[in-house]
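Peer 1:
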Amino acid sequence: MSNIHTDLLAELLQQRRPGYSLDAAFYLSDLVYQADMQHIFGKHWIFVAVEPQIAEPGDYVTVEVGKTSILIVRDDDGSVQAFHNVCRHRGSRLCAQHKGSVGNVVCPYHQWTYNTQGQLLYAEHMGDGFDKSKHGLKKVHVRSVGGLIFICLAENAPTDFDEVAARMQPYLAPHKLAECKVAAQVEIIEKGNWKLVMENNRECYHCVGNHPELTLSLYEYGFGYQPSPANAAGMAKFNEIVQTSHARWESMGLPSQVIEELDTRVSGFRTIRLPLDRSGQSQTMNAEVASKRLLGDLKDPALGGLSFWTQPNSWHHFMSDHVVSFSVLPLAADATLVRTTWCVHKDAVEGVDYDVANLTKVWNATNDQDRRLVEETQVGVASGAYEPGPYSPYTEDLVEKFAVWYVDRLREQTKA
Amino acid sequence: MSNIHTDLLAELLQQRRPGYSLDAAFYLSDLVYQADMQHIFGKHWIFVAVEPQIAEPGDYVTVEVGKTSILIVRDDDGSVQAFHNVCRHRGSRLCAQHKGSVGNVVCPYHQWTYNTQGQLLYAEHMGDGFDKSKHGLKKVHVRSVGGLIFICLAENAPTDFDEVAARMQPYLAPHKLAECKVAAQVEIIEKGNWKLVMENNRECYHCVGNHPELTLSLYEYGFGYQPSPANAAGMAKFNEIVQTSHARWESMGLPSQVIEELDTRVSGFRTIRLPLDRSGQSQTMNAEVASKRLLGDLKDPALGGLSFWTQPNSWHHFMSDHVVSFSVLPLAADATLVRTTWCVHKDAVEGVDYDVANLTKVWNATNDQDRRLVEETQVGVASGAYEPGPYSPYTEDLVEKFAVWYVDRLREQTKA
Amino acid sequence: MSNIHTDLLAELLQQRRPGYSLDAAFYLSDLVYQADMQHIFGKHWIFVAVEPQIAEPGDYVTVEVGKTSILIVRDDDGSVQAFHNVCRHRGSRLCAQHKGSVGNVVCPYHQWTYNTQGQLLYAEHMGDGFDKSKHGLKKVHVRSVGGLIFICLAENAPTDFDEVAARMQPYLAPHKLAECKVAAQVEIIEKGNWKLVMENNRECYHCVGNHPELTLSLYEYGFGYQPSPANAAGMAKFNEIVQTSHARWESMGLPSQVIEELDTRVSGFRTIRLPLDRSGQSQTMNAEVASKRLLGDLKDPALGGLSFWTQPNSWHHFMSDHVVSFSVLPLAADATLVRTTWCVHKDAVEGVDYDVANLTKVWNATNDQDRRLVEETQVGVASGAYEPGPYSPYTEDLVEKFAVWYVDRLREQTKA
């Protein structure tokens, strides 16, 4: 990034007005998009997959972070490895498929062959002077947190992620995600900036007016609402339910209390186990479990939803019967991939224990509604008439925290 | 626009050679496109709709001027209002449909609600400190001239438009466009710069070779031809017809004389009532009226065509039985939207008084022929080999006037 | 090209490491693409068509070199003429079709009319002061080498092409391409930089692993292989076949020896007549002739393949029964047109002497395989992780020569 671009970005960052939506340039400009890819997605831990996608040795998935293709593969020793998906000879992509299973990784162009630890095993016609040990695949930091696979593209990954993993472990462990299987995965492209996708996720002010399926089970109060004169009664009643539920769940050994660290650390995150409405079991059309086979050793279906949000690009809901995970990956200043993955117990039988249409109905509908909201906002902010508007002090607190984290991180990464 | 861009533009403007087509950069460069949107379409009165599109209170249309979406709505008091189609909260587009009818304008995202005068009536969860009166919709200048709706996006709109409206009023009034209905509207995208579309409209040198349907009724001589040795006989005969016709029409109270102000004012325009060939009634395949129900209180079908051209983006033909209007809106340096609207008397009955296919045949054919000419010219000027060529002194005078107006306006707007 | 761009390009050129693939920017950056179009495709002889495409007077083809459309037409005197395909009036493209036949060249817009030597014959309404002789079509250098049509867009074309033509004449003449007819022409778009297409063509290291159809007849050894410890036996056997074949062919009056001038001159080229495997006749699925009617006065079908490679954009295989030619034209930094043309004797009868599916099978399959390799490499080098890798010293020598020629030419053209 040239000096002139750094100056422009610094000026944009300085203009940010607390409590107001971001300037249009943050959603539109290619300069900001490049900065986001370099400094946010290039230097932080980002969520890209779940362990059940690569259950067996040799299983792999590829993920695209901007133009950068990453190969995530399970090694013969059971560990998760991540490499740049690029041959060290003339740069061909190695694995063109999004998922598959390999013994070794063989380049299609001239058959250079690497093992699942990235070492170059074989390269024909290169002669005696060629040192294979200097032409292994380039490694990428990778880490599983309770079965959720995060990668970091930076040379030096943020070290505070160790603490995130440690604090989340007791929350996530009972759901045993690594022992699940993928029941469904859906990708949608939203024609909007990735930050609009994230901001949309960080408030439920829009839920009642837009998400009839989701709000069958979800209380909007749990998603960043603050007490106000207008909603005092509803909030009080909700908080009572939360306290009762937390007491019950904690007594079962399920940590439930909120941890709120969205804008207070490099690897920002938030978690809380929240009650669900009606039968209180799962985010489905009747709030009952979508899979009869509960996760891990769980016995009680009414565990609400353990939500886990991470900066910059994910959120997850762990329920008694399934886990639904969302990975947000920018494609351009005005386009974003949202990949949603539903996992159930690996022994659950489709058609017997669960039905895919029922399992995915709420979030497929909700994702599509959110896509439309994001796209309308992208169109609106592109108008010369847009100016940042005020966040609701009672419902958009987590949006503000996203903005604060984002602006802080970009300031930190781009400062002279 | 940065200083370096202003300098480049000034250099381009200075190079313009009178009597020659514009430099390639005017048709190709994104810099010029941005300048056109900022200085031409952003600061002048542009034609965007006709009143019959929003006949009743609450009726609205949206129009896109570059990335800027404008909401044009008829207020309960019958007036025409125009606003930026952007919510003052987080910037969502308000109305996604191109036309419709509303009571109030409700944002789809968080249901902020505005009335048809743009005032914010309702915004939930915003608390006591929030001042609704400071968050109304942003207004856009709007004005109807004989039923033709013009807007201006500038803070201060050119004031000479008052005079344009006053001078055009007696020409347009007899056709009572505001009391018509829309019989058909067609949008086409031409893969060429908007100035090629306008230049194509400003000469009929190309008509005989390209427009078999249009030239059944249209005399090309009326569209900017000057007497020359080669066409002296034809011009003389045509001028005789014009004089006879003007005498007849003026005696009926229909102003018909030319007003030629295309390059002599900020809000450039031209008008003249021109005879049509054959039965002389309408721009149809047999030159007879397409609608039996004549406009307003008109009795005589043989009124030729009252043409009205405006800089930068419209032309119109008012005939005894229908009005056809053309709105030109740039989409990119190399793409332009042309929206054609045919209006007939509001009491005319489709299938009885008029047939849509017959009404629209000539201009649908002509538009498609012009689209091809524009697109071939866009391809040609993009070649490195293109250099501005000489305009015909006898047939391309109005093209020159368009170029002069355009270059003058850009010079004026961008001068230091 | 501005100074700052020239500096950036100079820096990129200086970084080039001999024996390694090019930096990513050479495949990705729009700056480099513009430089390639200006300095490589704009100033060198490029292959664009074969004479049989314009067999008769008035026959024409158009070819697009970047945004520049060129009209190649056979004049009444039998000569091949080339012009910019742009009207000198307002810049319309003249011929929109890719091929056709004309008496004169008439602009569709205002019917300006040029003859097949580019002279303006007719332009209506232009008046007495207009000098037609100053508004003829702009000429482009054009030259046929053994029936292969090359053009040069520069004002002054490289003069060393005379020598290329003279040295190639005895190799190409016996196949009498100008007396052939086009049996098939196929265009494919490869989503990769044109240099990846050329590099792919300049080595056969990838052939065994990717081209099952081509390697039925082709010995990979002839395409840039150098003797190495690993392939010593294969190379020795192959060289023996080459020597025997050359002796036979030269005794028949067919020059066969290698001329290797790929990186030693402005108009770089290489030629050699190479034996084919099996029956040794043609690049088909059984290595036998695809057309029973041999070219020119040739009697012996087993003439192997006379290959002719030119910098920057072509390769050709002349066999006893047909000629297959490849023209590579950049469309964007990441997209390239490859046009393949198969010619047979003009008296060969389809369905009797040859079958198009059989004639084209090997190269249609091979082109598609190469397309995939190019596209995977384009994706790979776009990753931030790509770095130039080492060429095989034993199989990628001609790739290195392409890179050296390219870098040298760009350095020469852009030096201060």
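Protein chains in written order, with the numbering used here: chain A, 895 to 1310; chain B, 895 to 1310; chain C, 895 to 1310.
Don't be surprised by glycine CBs; every beta carbon is placed ideally from N, CA and C.
(1) Counting along the chain, where does the beta strand (DSSP E) carrying Ser1038/B start and finish?
(2) Measure the alpha-carbon distance for Tyr954/A versus Arg1187/C and round it to whole angstroms.
(3) In angstroms with no decimal places, state the Cα-to-Cα distance between Thr1234/C and Asp1302/C.
(4) Assuming His1105/C and Thr1260/C form a contact by the criterion Cβ under 8 Å, report the distance between their Cβ atoms to the nearest whole angstrom.
(5) Measuring alpha carbon to alpha carbon, tell me which of Ile964/C, Arg1172/C, Phe941/C, Leu907/C ends up nearest Ala1276/B.
(6) May I ask you to list, following chain order, the residues of the region 1228 to 1258 of chain A that have a beta carbon less than 8 Å from some beta carbon of chain B?
(7) Between which two residues does the beta strand (DSSP E) holding Phe1044/C run?
(8) With H, G and I counted as helix, E and B as strand and the rest as coil, what does DSSP make of Ser1145/B?
(9) Quick check on Pro1149/C: buried or exposed, where buried means 16 or more other Cβ atoms within 10 Å of its Cβ?
(10) Below 8 Å, can you find three or more Cβ-Cβ pairs linking the region 933 to 946 of chain B to the region 1026 to 1042 of chain B?
(11) Report all residues from its chain with a CB closer than 8 Å to the CB of Asp924/A; omit the five preceding and five following residues, and keep chain order.
(12) When DSSP builds the beta bridges, which residues end up paired with Trp1006/C?
(13) Here's the rule I'm using: 16 or more other beta-carbon atoms within 10 Å means buried, otherwise exposed. How should Pro1002/B be labelled?
(14) Is the CB of Gly994/C under 7 Å away from at least one CB in chain B?
(15) Nearer than 6 Å: is that true of the beta carbon of Tyr1288/A relative to any heavy atom of the ligand FMN?
(16) Taking C-beta to C-beta, are Ile934/A and Ala976/A nearer than 7 Å?
(17) Using a Cβ-Cβ cutoff of less than 8 Å, which residues in the same chain neighbour Gln1063/A once the five nearest sequence positions on both sides are dropped?
(18) Whole-angstrom Cβ separation of Leu1168/A and Gly1162/A, contact assumed at under 8 Å?
(19) If you draw a straight line from the C-alpha of Phe1132/A to the C-alpha of Tyr1115/A, how long is it?
(20) Report the three-state DSSP secondary structure of Val1246/B (helix, strand or coil).
(21) Is there a C-beta anywhere in chain A that falls below 7 Å from the one on Gln1005/B?
(22) For a minimum of 3 consecutive residues, which ranges assigned as the beta strand (DSSP E) are wholly contained in the region 931 to 985 of chain C?
(23) In terms of residue numbering, what span does the alpha helix (DSSP H) encompassing Tyr1016/C cover?
(24) To which residues of the same chain is Ser995/A closer than 6 Å at the C-beta, ignoring the five residues directly before and after it?
(25) Does Asn1050/C pass the burial test, meaning 16 or more other C-beta atoms within 10 Å, or should it be called exposed?
(26) Is it the case that the Cβ atoms of Leu1189/A and His1239/A are separated by a distance below 7 Å?
(27) Please report how far the alpha carbon of Arg889/C lies from the alpha carbon of Leu988/C, in whole angstroms.
(28) Would you mind listing the alpha helix (DSSP H) stretches within the region 1029 to 1115 of chain B that are 4+ residues and don't spill past its ends, in chain order?
(29) Does any C-beta atom of chain A lie closer than 7 Å to the C-beta of Met931/B?
(30) Residues of chain B with a CB under 7 Å from the CB of Tyr1288/A: which are they?
(31) Do we get a CB-CB distance below 7 Å when we pair Ser986/A with the residues of chain C?
(32) Should Arg984/A go down as buried or exposed, given a rule of 16 or more other Cβ atoms within 10 Å for buried?
(33) Taking the alpha carbon of Leu1108/B as the reference point, which residue from Asp970/B, Asp1264/B, Ala1077/B has its own alpha carbon closest?
(34) Under a three-way DSSP split, which group does Arg1265/C fall into?
(35) Name, please, each residue of chain A whose Cβ falls closer than 9 Å to the Cβ of Val1124/C.
(36) Using a 10 Å radius around the Cβ and a threshold of 16 neighbouring Cβ atoms, would you call Leu1010/B buried or exposed?
Peer 2: Let me spell this out:
(1) 1035 to 1039
(2) 53 Å
(3) 28 Å
(4) With 8 Å as the limit, His1105/C and Thr1260/C qualify as a contact, their Cβ atoms being about 5 Å apart.
(5) Comparing Cα-Cα distances from Ala1276/B to each of Ile964/C, Arg1172/C, Phe941/C, Leu907/C, the minimum goes to Ile964/C.
(6) none
(7) 1042 to 1046
(8) Looking at Ser1145/B - three-state DSSP - the assignment turns out to be helix.
(9) buried
(10) yes
(11) Ala1227
(12) Looking at the DSSP assignment, Trp1006/C forms no beta bridge with any residue, so it has no partner.
(13) buried
(14) no
(15) Among the components of this structure there are no ligands whatsoever, and the ligand FMN is therefore not found.
(16) Contact check for Ile934/A against Ala976/A fails: the beta carbons are separated by 7 Å or more.
(17) Excluding the 5 residues flanking it on each side, Gln1063/A has same chain C-beta neighbours closer than 8 Å at Val1039, Gly1040, in chain order.
(18) Going by Cβ atoms, the distance from Leu1168/A to Gly1162/A rounds to 19 Å, so no, they are not a contact pair.
(19) Approximately 7 Å, taken between the alpha carbons.
(20) coil
(21) Chain A, which has a Cβ nearer than 7 Å to the Cβ of Gln1005/B, makes this yes.
(22) 940 to 944, 953 to 959, 962 to 968, 974 to 978
(23) Counting along the chain, Tyr1016/C falls outside any alpha helix (DSSP H), though it belongs to the beta strand (DSSP E) covering 1014 to 1016.
(24) Gly952, Asp953
(25) exposed
(26) yes
(27) Residue 889/C lies beyond the stretch modelled for chain C, which goes from 895 to 1310, so this question has no answer here.
(28) 1055 to 1066, 1088 to 1095, 1101 to 1104
(29) no
(30) Within chain B, the residues near Tyr1288/A are His1019, Gly1021.
(31) Using beta-carbon distances, Ser986/A counts as an interface residue toward chain C, with a partner under 7 Å.
(32) buried
(33) Asp1264/B
(34) helix
(35) In the sequence as presented, Val is not what sits at residue 1124/C; that position holds Ala. Near Ala1124/C (Cβ distances below 9 Å), the residues of chain A are Glu1018, His1019, Gly1021.
(36) What sits at residue 1010/B in the sequence shown is Thr, not Leu. Here Thr1010/B is buried. Its C-beta has 16 or more other C-beta atoms within 10 Å.
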